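Undergrad:
In UniProt numbering, the protein residues as written are 1 to 448.
(1) Express the C-alpha separation of residue 266 and residue 89 in angstroms, rounding to a whole number.
(2) Could you check where the alpha helix (DSSP H) with residue 380 kicks off and where it finishes?
(3) Unbroken beta strand (DSSP E) runs of length 3 or more, entirely within the stretch 292-364: which are they?
(4) How far does the alpha helix (DSSP H) with residue 243 in it reach, from first residue to last?
(5) Would you give the residue range spanned by the alpha helix (DSSP H) that residue 282 belongs to?
(6) Please name the residue or residues paired with residue 99 in a DSSP beta bridge.
(7) So for residue 228, helix, strand or coil by DSSP?
(8) Can you check DSSP and say which residues form a bridge with residue 68?
(9) Look at the alpha carbon of residue 315 and the alpha carbon of residue 87, and state the distance between them as a whole number of angstroms.
(10) Compare the beta carbon distance of residue 208 and residue 402 with 8 Å and say whether it is the shorter of the two.
(11) May I have the straight-line CA-CA distance separating residue 170 from residue 205, to the nearest angstrom?
(12) Assuming residue 286 contacts residue 254 under a Cβ cut-off of 8 Å, what Cβ separation, rounded to an integer in Å, is found between them?
(13) Can you give the Cα-Cα distance for residue 247 and residue 213, rounded to whole angstroms?
(14) What are the partner residues of residue 130, as DSSP defines its beta bridges?
(15) Quick check on residue 26: buried or exposed, where buried means 16 or more other Cβ atoms within 10 Å of its Cβ?
(16) Consult DSSP for residue 200 and reduce its assignment to one of helix, strand or coil.
(17) The beta strand (DSSP E) spanning residue 219 covers which residue range?
(18) Give the range of the beta strand (DSSP E) segment to which residue 120 is assigned.
(19) What's the call for residue 135, buried or exposed, on a 16-neighbour Cβ count within 10 Å?
(20) Any idea what DSSP makes of residue 173, helix, strand or coil?
(21) Identify which residue in 40, 190, 406 and 122 has its Cα closest to the Cα of residue 114.
(22) Relative to the alpha-carbon of residue 217, which residue among 369, 293, 66 and 323 has its alpha-carbon at the smallest distance?
(23) Beta strand (DSSP E) containing residue 81: first to last residue?
(24) Should residue 117 and residue 55 be called a contact, given that it needs their Cβ atoms to be closer than 8 Å?
(25) To the nearest angstrom, how far is it from the Cα of residue 229 to the Cα of residue 292?
(26) Please identify the residue among 337, 353 and 352 whose C-alpha is closest to the C-alpha of residue 346.
(27) Using the Cα positions of residue 33 and residue 50, report the straight-line distance between them to the nearest angstrom.
(28) Tell me whether the stretch 120-131 and the stretch 364-374 touch, counting them as touching only if at least three CB pairs, one residue from each stretch, are closer than 8 Å.
(29) Identify, in the order they occur along the chain, each residue of the same chain with its Cβ nearer than 7 Å to the Cβ of residue 38, setting aside the five sequence neighbours on each side.
(30) Can you give the beta carbon distance from residue 242 to residue 289, rounded, assuming they're within the 8 Å contact cut?
(31) Report the option in 102, 100 and 71 whose CA atom is closest to the CA atom of residue 109.
(32) In this structure, does DSSP put residue 265 in helix, strand or coil?
(33) Do residue 270 and residue 256 have their beta-carbon atoms positioned less than 8 Å apart in this structure?
(34) So, at 7 Å on beta carbons, what are the nonlocal neighbours of residue 339 in its own chain, with the 5 sequence-adjacent residues on each side left out?
(35) For residue 349 versus residue 407, is the C-beta distance shorter than 8 Å?
(36) With 16 other CB atoms within 10 Å as the buried threshold, where does residue 261 fall?
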């Protein structure tokens, strides 16, 4: 058979029109299209799935019975779920975690993705579950005390702090004030007085510090008496808590006394590093202060801390935090410490232990515009340092408490005089716990 040129051309065109190997076929069936596990089908092709990550996954302090909310999220907005890997220690329902007993709670945050988003890399966190910290009170100031031959009206200023470190506004019914032993100043005779709470005002007090960052010297008492008063070094543990709650611009540094060459303390007063915002460096400094040993040059060390903080702390708010049992070998220097503190504008915040000299510690706090924290239990130490950080930033909230007692049975003991002192012990209910309030009360007896 003979083919004309025309028929060959037509045949070629028909072959092209019916072709089977071209890449521009608009009638392809997508059911035959196969994509990898990291892709999905969109239109006539495969498209890469989006990557995602889990954000804001953290475990706060875990306290037995205290529920916490987990707030992890995907950067692409998908819901994160949680796998509980230690069901005997903690339980999880949705995003609510409940610590059940002491131990280590381990939780995994998961986001499995969807048809267009890849699964996120799972994150796993562990944290120890402990018993609750205890609430605490801090004596701030005695605003005024007016005594007449018939009754006493006493005004004091306190911080009332819950176990989580937040500031509390107590009610009059929270106070336990009945049958308190008072030492009559003119005769040293001990009598019992009953008190009532007249008013509690948590709205009109003024903070010592402006709102802003702080430079805080942590002064650790490592004298021999701390072997019995703090055998487990809870003071150092609490110091690390203080470091944990520091914010970006806050500064802290570590000092310790007394001299003990075998415990990394070559001098009576020792500095470890300088003021810093680096939390790891500050914690390493805390770990360097050594074991308790030696005498207690408390006030000489406070004087050195005041001077160093005044010269080297760069933030607007400056303070010395003195953790001590208050048993000092240099009490004659307390007046110098108070004078230097006021002259240089560096308040003192003593944290006293139950067996220490609370009277002198409350005095130095009051007279330097600091506050005296009294820890009767080591579980209060973490509470103290959390709240201290807020106070130093100007975010504290103190309350003025006005008390009244009837003196008519002892009116002959109260003659007009000045600068008398009574020692008082009271308690207040915070978070269901009866917390003691201990300090010295200065007062003037005046005729009304």
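Ideal placement from N, C-alpha and C gives every residue a C-beta, glycine not left out. It should be emphasised that the depicted structure is a prediction, and the values quoted were computed from it without experimental measurement.
TA: Checking against the coordinates, here is how it stands:
(1) Position 89 of the chain shown holds residue 89. Position 266 of the chain shown holds residue 266. The alpha-carbon of residue 89 is positioned some 45 Å away from that of residue 266.
(2) Counting from one through the chain shown, the residue named residue 380 turns up at place 380. For residue 380, the enclosing alpha helix (DSSP H) has its first and last residue at 380-392.
(3) For the beta strand (DSSP E) assignment, the uninterrupted runs of no fewer than 3 residues enclosed by the stretch 292-364 are, from N- to C-terminal side, 317-324 and 348-353.
(4) Here residue 243 corresponds to residue number 243 of the chain shown, with the count starting at 1. From DSSP, the alpha helix (DSSP H) with residue 243 extends over 234-244.
(5) By 1-based counting over the chain shown, the position of residue 282 is 282. First-last of the alpha helix (DSSP H) with residue 282: 279-286.
(6) Start at 1 with the first residue of the chain shown, and residue 99 comes out as number 99. Its beta-bridge partners are 90.
(7) Against the chain shown, residue 228 aligns to sequence position 228. Three-state result, residue 228: helix.
(8) Indexing the chain shown from 1 puts residue 68 at position 68. In DSSP, residue 68 forms a bridge with 97.
(9) The residue you call residue 315 lines up with position 315 of the chain shown. The residue you call residue 87 lines up with position 87 of the chain shown. Distance from the CA atom of residue 315 to the CA atom of residue 87, rounded to whole angstroms, is 46 Å.
(10) In the chain shown, counting from the first residue as 1, residue 208 sits at position 208. In the chain shown, counting from the first residue as 1, residue 402 sits at position 402. No, the pair does not count as a contact, with Cβ atoms beyond the cut-off.
(11) Reading the chain shown from its first residue, position 170 is the one you call residue 170. Reading the chain shown from its first residue, position 205 is the one you call residue 205. If I take the Cα positions, the gap works out to 15 Å.
(12) In the chain shown, the residue the question calls residue 286 occupies position 286. In the chain shown, the residue the question calls residue 254 occupies position 254. With 8 Å as the limit, residue 286 and residue 254 qualify as a contact, their Cβ atoms being about 6 Å apart.
(13) Sequence index remark: in the chain shown, residue 247 carries index 247 (1-based). Sequence index remark: in the chain shown, residue 213 carries index 213 (1-based). A straight-line Cα-Cα distance of about 8 Å links residue 247 and residue 213.
(14) As a position in the chain shown, residue 130 is number 130, starting the count at 1. DSSP output for residue 130 lists 63 as bridge partner(s).
(15) Sequence index remark: in the chain shown, residue 26 carries index 26 (1-based). At residue 26, the pLDDT of 46 sits below 50, so the modelled position is not reliable; the number obtained from the coordinates is stated separately. It counts as exposed.
(16) The sequence position of residue 200 within the chain shown is 200, counting from 1. Annotated three-state conformation of residue 200 is strand, per DSSP.
(17) The count along the chain shown starts at 1 and reaches residue 219 at position 219. It spans 214-221 - the beta strand (DSSP E) in which residue 219 sits, taken as one unbroken run.
(18) As a working note, residue 120 is residue 120 in the chain shown. Note, residue 120: premise wrong, no beta strand (DSSP E); not H, not E.
(19) Position 135 of the chain shown, counted from the start, is the residue given in the question as residue 135. Taking all protein chains shown into account, residue 135 has 16 or more neighbouring C-beta atoms within 10 Å of its C-beta and is therefore buried.
(20) Sequence index remark: in the chain shown, residue 173 carries index 173 (1-based). DSSP places residue 173 in helix when its eight states are reduced to three.
(21) By 1-based counting over the chain shown, the position of residue 114 is 114. Comparing Cα-Cα distances from residue 114 to each of 40, 190, 406 and 122, the minimum goes to 40.
(22) On the chain shown, residue 217 is found 217 positions in, with the first residue counted as 1. Answer by Cα proximity: 323.
(23) Counting from 1 along the chain shown, the entry for residue 81 is found at position 81. Note, residue 81: beta strand (DSSP E), 81-84.
(24) The residue labelled residue 117 in the question sits at position 117 within the chain shown. The residue labelled residue 55 in the question sits at position 55 within the chain shown. A distance of 8 Å or more separates the beta carbons of residue 117 and residue 55.
(25) Here residue 229 corresponds to residue number 229 of the chain shown, with the count starting at 1. Here residue 292 corresponds to residue number 292 of the chain shown, with the count starting at 1. Each residue's Cα considered, the two are about 10 Å apart.
(26) Within the chain shown, residue 346 is the residue found at index 346, counting from 1. When only C-alpha atoms are compared, the closest one is 337.
(27) Reading the chain shown from its first residue, position 33 is the one you call residue 33. Reading the chain shown from its first residue, position 50 is the one you call residue 50. Each residue's Cα considered, the two are about 20 Å apart.
(28) No contact exists between the stretch 120-131 and the stretch 364-374.
(29) Walking along the chain shown from the start, residue 38 turns up at place 38. Excluding the 5 residues flanking it on each side, residue 38 has same chain C-beta neighbours closer than 7 Å at 48, 49 and 118, in chain order.
(30) Indexing the chain shown from 1 puts residue 242 at position 242. Indexing the chain shown from 1 puts residue 289 at position 289. Wrong, their Cβ atoms sit about 14 Å apart, outside the cutoff.
(31) Along the chain shown, read from residue 1 onward, the residue named residue 109 stands at position 109. Per the Cα distances, 71.
(32) As a position in the chain shown, residue 265 is number 265, starting the count at 1. Collapsing the DSSP output to three states places residue 265 in a strand.
(33) Counting from one through the chain shown, the residue named residue 256 turns up at place 256. Counting from one through the chain shown, the residue named residue 270 turns up at place 270. In contact: residue 256 and residue 270 (Cβ atoms closer than 8 Å).
(34) By 1-based counting over the chain shown, the position of residue 339 is 339. Listed in chain order, the non-local C-beta contacts of residue 339 below 7 Å within the same chain number zero, local neighbours out to five positions each way being set aside.
(35) Taking the chain shown and counting its residues from 1, one reaches residue 349 at position 349. Taking the chain shown and counting its residues from 1, one reaches residue 407 at position 407. Between residue 349 and residue 407, the C-beta gap is not smaller than 8 Å, which leaves the two residues out of contact.
(36) In the chain shown, the residue the question calls residue 261 occupies position 261. It is exposed - the Cβ of residue 261 has fewer than 16 other Cβ atoms within 10 Å.
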